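Novice: Mind looking over this structure? Questions follow.
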Amino acid sequence: MMNRNLIQTPFLTRQHPSITNPFSEEGVYPIEDPRVVNRLVNNLMYLFKIHDGDYLTFVLGHGECSTNKKALQLWVYEQLSGIQNADDALDTLISRLKDQLMMEVYQ
204 MMNRNLIQTP FLTRQHPSIT NPFSEEGVYP IEDPRVVNRL VNNLMYLFKI HDGDYLTFVL
264 GHGECSTNKK ALQLWVYEQL SGIQNADDAL DTLISRLKDQ LMMEVYQ
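Numbered according to the working numbering, the sequence shown spans residues 204 to 310.
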């Protein structure tokens, strides 16, 4: 039997790199690890319904990128340097991306 709560709210269960991974040699992934960044980017793209294309590249300040995903990856790397608590990284990124997108709408 599947856990109904997991199916209904897949993003509410923290899957942060600070949680030890028994299959990893180090046991902990740093927040800047490309695997972690890719996961964060995929979550942001899902939550904000960001599709393939290049319409957000200039909004995120990365007009040199050819895709929304690549621009969002660079944006996430920039934002991670200012995040103090790695456990709240996704929540902080959600808030900052929302602010960035709203700022663009109202300018």
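Even glycine gets a Cβ: it sits at the ideal position worked out from N, Cα and C.
All of these numbers come straight from a predicted model, not from anything done at the bench.
Using the beta-carbon count (16 or more within 10 Å), is residue 245 buried or exposed?
Specialist: exposed
Novice: Which of the three DSSP states is assigned to residue 280 in this structure?
Specialist: In the structure shown, residue 280 sits in a helix (DSSP, three-state: H, G or I).
Novice: What residues in its chain sit with their C-beta under 7 Å from that of residue 295, if we drop five residues either side in the sequence?
Specialist: 286
Novice: Suppose you measure from the CA of residue 262 to the CA of residue 241; what does that come to, to the nearest Å?
Specialist: 20 Å
Novice: Relative to the C-alpha of residue 301, which candidate in 288, 289, 290, 278 has its C-alpha closest?
Specialist: 278
Novice: Ignoring anything shorter than 4 residues, give me the alpha helix (DSSP H) runs that lie fully in the region 252–304, in order along the chain.
Specialist: 271–283
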